[in-house]
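Numbering (the numbering used here), first residue to last: 1 to 365.
Remarks on the structure that follows.
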């Protein structure tokens with residue numbers, strides 16, 4: 001079960017409505033519409049969860065909404081971002097990835113994502129094509145790399161935003177940005193953001209993503225077309241938790257986070273690099289988006305070997321105990337050993353493998 005949306009919800013005042021869950025009969029035609037839909041009903045206790053200074057922070061719908069709005073307002077009013085222009089985000093998985101995606105698409109700005117380990121020449125090449133006004137770094141290493149490239153004159157005039165970036169023209173601390181953005185966050189501006197987000201055209205550019213396979217460019221219509229089959233095939237349930245593993249942020253994960261937030265029920269939890277086993281024990285997810293063979297890491301790196309003559313009851317108990325006891329679906333970005341796949345099937349867990357070669361189904365790398 002997902003959420004039901006009416007014409008009044010789409011074209012009304014924009015005030016979040018505290019209504020109960022209703023079945024979805026129409027998926028919005030844009031990513032900005034999906035984000036707006038998911039935050040309107042306040043059914044779930046948290047839209048997202050992420051780790052802050054070693055503490056797992058639960059982020060309710062309204063807080064994620066305000067975070068995206070503040071980023072969007074700062075981009076428009078202080079960085080001069082206009083609809084159709086571009087903003088870049090680079091780095092490891094963190095809260096800034098989904099927040100910037102939601103902020104940018106809501107104002108018709110194109111978010112260009114770069115995976116954290118792209119070589120400098122590839123980063124510069126994407127910058128040359130995208131010509132962004134601003135570049136956001138999601139971790140300290142990426143902030144340092146972007147700062148050095150800017151100093152070397154390889155990023156044009158883009159403002160670089162990241163933690164700890166102060167004292168130079170063209171560099172801005174993320175903490176300072178958020179403080180300034182809070183001043184801009186008025187009820188009138190927030191309503192303007194929501195109204196604009198509902199008018200974004202499906203055929204307009206939605207996002208770019210740069211990874212080891214090159215740059216993928218999607219319109220809103222194309223992006224929603226990749227997310228919609230998963231929303232329809234695996235309807236969200238009240239209390240669902242989705243786990244997104246770190247550190248790599250793929251296109252599939254960006255679309256997945258938008259779909260999970262948009263379904264109105266799922267809490268999307270962002271994983272920590274190298275901490276899969278601890279994360280699973282803490283979060284006990286129902287569904288997982290993973291970049292690599294994830295099950296072995298989640299099982300504390302032991303890489304379980306499953307016998308050919310598998311006892312289904314034993315496998316179900318063993319696998320579900322290792323993976324938190326509630327897991328229904330894993331979508332992995334590569335392959336897993338055959339015996340592990342058989343064990344997941346025996347435990348009642350659906351395994352989807354996506355190698356990024358085709359966009360026919362799933363969220364695609």
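Using N, Cα and C, we set each Cβ at its ideal position, and we do this for glycine too.
Quick caveat, the model's predicted, so the values are computed rather than measured.
CB of residue i within 9 Å of CB of residue j, strictly
i           : j           : result
residue 211 : residue 246 : no
residue 89  : residue 106 : no
residue 237 : residue 69  : no
residue 95  : residue 67  : yes
residue 206 : residue 31  : yes
residue 291 : residue 340 : no
residue 252 : residue 289 : yes
residue 56  : residue 99  : no
residue 244 : residue 257 : yes
residue 331 : residue 351 : yes
residue 261 : residue 34  : yes
residue 324 : residue 204 : no
residue 132 : residue 267 : no
residue 29  : residue 202 : yes
residue 322 : residue 297 : no
residue 43  : residue 265 : yes
residue 101 : residue 254 : yes
residue 263 : residue 293 : no
Per-residue DSSP class, three states only, for residue i
i           : result
residue 306 : Because the pLDDT at residue 306 is just 49, under 50, the model does not fix this residue reliably, and the value given afterwards should be weighed accordingly. It is coil, neither helix nor strand.
residue 200 : coil
residue 180 : helix
residue 366 : Absent from the structure is residue 366, since the part of the chain shown begins at 1 and ends at 365.
residue 246 : coil
residue 135 : strand
residue 369 : This structure does not reach residue 369, given that the chain is present from 1 up to 365, and the question cannot be answered.
residue 60  : coil
residue 240 : coil
residue 46  : coil
residue 98  : helix
residue 158 : coil
residue 284 : coil
residue 23  : Interpretation of residue 23 is limited by its pLDDT of 38, a score under 50 that renders its predicted location unreliable; the figure taken from the coordinates is listed afterwards. Residue 23: coil per DSSP, three-state reduction.
residue 88  : strand
residue 368 : Nothing can be reported for residue 368, as the shown portion of the chain is limited to 1 through 365.
residue 114 : strand
residue 185 : coil
residue 40  : coil
residue 352 : strand
residue 78  : coil
residue 217 : strand
residue 289 : strand
residue 167 : coil
residue 173 : strand
residue 211 : strand
residue 51  : strand
residue 148 : helix
residue 32  : helix
residue 229 : helix
residue 234 : coil
residue 264 : coil
residue 275 : coil
residue 153 : coil
Rounded distance between the beta-carbons of residue j and residue i, thought under 8 Å
i           : j           : result
residue 215 : residue 336 : The pair is not a contact, with the Cβ atoms about 28 Å apart (cut-off 8 Å).
residue 281 : residue 319 : Actually they are not in contact, since the Cβ atoms of residue 281 and residue 319 sit about 15 Å apart, beyond 8 Å.
residue 286 : residue 328 : 5 Å
residue 137 : residue 75  : Rounded, the Cβ-Cβ distance is 15 Å, inconsistent with contact.
residue 134 : residue 158 : 6 Å
residue 110 : residue 208 : 7 Å
residue 130 : residue 86  : 5 Å
residue 170 : residue 160 : 6 Å
*Mind the definition here: the segment 161–168 touches the segment 178–194 only if three or more C-beta pairs lie below 8 Å; say whether that holds.*
No contact exists between the segment 161–168 and the segment 178–194.
_Under 8 Å: do the segment 189–197 and the segment 224–242 share three or more Cβ pairs, one atom per stretch?_
In short, these stretches do not touch, since the Cβ pair count stays below three.
_Check whether the segment 138–145 and the segment 36–49 touch, using three or more Cβ-Cβ pairs below 8 Å as the test._
Cβ pair count under 8 Å is below three, so no.
*May I ask you to verify whether the segment 108–122 touches the segment 267–287, counting CB pairs closer than 8 Å and requiring at least 3?*
Below 8 Å, too few C-beta pairs join the segment 108–122 and the segment 267–287 to call them touching: fewer than three.
*Which runs of the beta strand (DSSP E), 3 residues or longer, sit entirely within the segment 322–348?*
The segment 322–348 contains these whole beta strand (DSSP E) runs: 329–332.
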